[in-house]
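Take a look at the structure below.
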Amino acid sequence: QVQLVESGGGVVQSGRSLRLSCAASGFTFSQYGMHWVRQAPGRGLEWLSVMSYDGDNEFYADSVKGRFTIFRDNSKNTLYLQMNSLRGEDTAVYYCAKDADNSGLYYLDYWGQGTLVTVSS
Amino acid sequence: EILMTQSPATLSVSPGERAALSCRASQTVGSKLAWFQQKPGQAPRLLIYEASTRATAIPVRFSGSGSGTEFTLTISNLQSEDFAVYYCQQYDGWPPYTFGQGTKLEIK
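From first to last, the protein sequence lines are chains X and Y. Here the first sequence stands for residues 1 to 121, where the numbers follow our numbering. Here the second sequence stands for residues 122 to 229, where the numbers follow our numbering.
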């Protein structure tokens, strides 16, 4: 069965960096687009970024463009999110999610359980 | 960026009855609309994609309808496990793929 396990969350000071990982199993990782979505405490879902199956295409929400970078290592079945210049408003649970297509331009069919990032001042 | 608006913010319904949740897009998204269910402390779960296609293992009491800018998630014969927060998301064209703000379905 599809399994996505996020890691790398924690408490980080404002202005610093953090890298999240998402380990995938139960499907052929290299054949699917992958997304990052976050949820601030008590708030709704915010789509952040997507990368195509081969890493050739990536897209970002305006709120993180220029600060966050999505990348993947298909040899390790792992998706990453490099987060720089973190702000208080980046405090959230971060989810990785599998796209139903290789392009990453389709719906999200499986989600991980999330990892909590807390940005302190 | 396409803005997704869900209504109502909270819906109170009795078990066994039917609930209708609305999602409106600021511009047409065709049928590129998904619905997710999220329970407290859990990750979202895909219910519906392509506006009306049930995802794997989703009970038939969940149904989606609509196209263009107006969409509805209908849950018939509400069960106790259906009380949760529901989100719609559009995935039309190029990203960003925006979510609605959510509808909380609570027991009346």
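Beta carbons: idealized from backbone N, C-alpha and C, even for Gly.
Cβ separation of residue 184 of chain Y and residue 136 of chain Y, assumed to be a contact under 8 Å, to the nearest whole Å: Wrong, their Cβ atoms sit about 18 Å apart, outside the cutoff.
Throw me the rounded Cβ distance for the residue 26 of chain X and residue 53 of chain X pair, which I believe falls under 8 Å. By a beta-carbon distance limit of 8 Å, residue 26 of chain X does not contact residue 53 of chain X. Their separation comes to about 16 Å.
Which residues DSSP lists as bridging residue 169 of chain Y, in chain order: According to DSSP, residue 169 of chain Y bridges with Y:156, Y:175.
Name, in chain order, the residues that DSSP records as bridge partners for residue 58 of chain X. Answer is X:51, bridged to residue 58 of chain X.
Against chain X, does residue 167 of chain Y count as a neighbour if the rule is that its beta carbon must be under 8 Å from one of theirs? Closer than 8 Å: yes.
Any non-hydrogen atom of the ligand COA closer than 7 Å to residue 11 of chain X Cβ: As for the ligand COA, it is missing from this structure, which has no ligand bound.
Residue 79 of chain X and residue 64 of chain X - do their beta-carbons sit closer together than 8 Å? No, they are not a contact pair.
Residue-chain proximity (residue 220 of chain Y, chain X), Cβ-Cβ < 8 Å: Output row for residue 220 of chain Y: interface = yes.
Go ahead and pull the three-state DSSP assignment for residue 31 of chain X. Reduced to three states, the DSSP call for residue 31 of chain X is helix.
Does DSSP classify residue 89 of chain X as helix, strand or coil? Secondary structure at residue 89 of chain X: helix, using DSSP grouped into helix, strand and coil.
State the start and end residues of the unbroken beta strand (DSSP E) segment that holds residue 23 of chain X. In the DSSP assignment, residue 23 of chain X falls within the beta strand (DSSP E) that extends over 18-25.
So the candidates are X:6, X:23, X:84; which of them puts its Cα closest to the Cα of residue 76 of chain X? Per the Cα distances, X:23.
Closer than 9 Å, Cβ to any Cβ of chain Y: which residues of the segment 26-53 of chain X, in chain order? Taking 9 Å as the upper bound on Cβ-Cβ separation, chain Y lies near residues 35, 37, 39, 43, 44, 45, 46, 47, 48, 49, 50 of the segment 26-53 of chain X.
Out of X:97, X:102, X:86, which one is the CA nearest neighbour of residue 167 of chain Y? Answer by Cα proximity: X:97.
Would you call the CB atoms of residue 9 of chain X and residue 108 of chain X closer than 8 Å? No, the Cβ-Cβ distance between residue 9 of chain X and residue 108 of chain X is not below 8 Å.
Local Cβ density within 10 Å of residue 195 of chain Y, reported as buried at 16 or more and exposed below that: So residue 195 of chain Y ends up on the exposed side.
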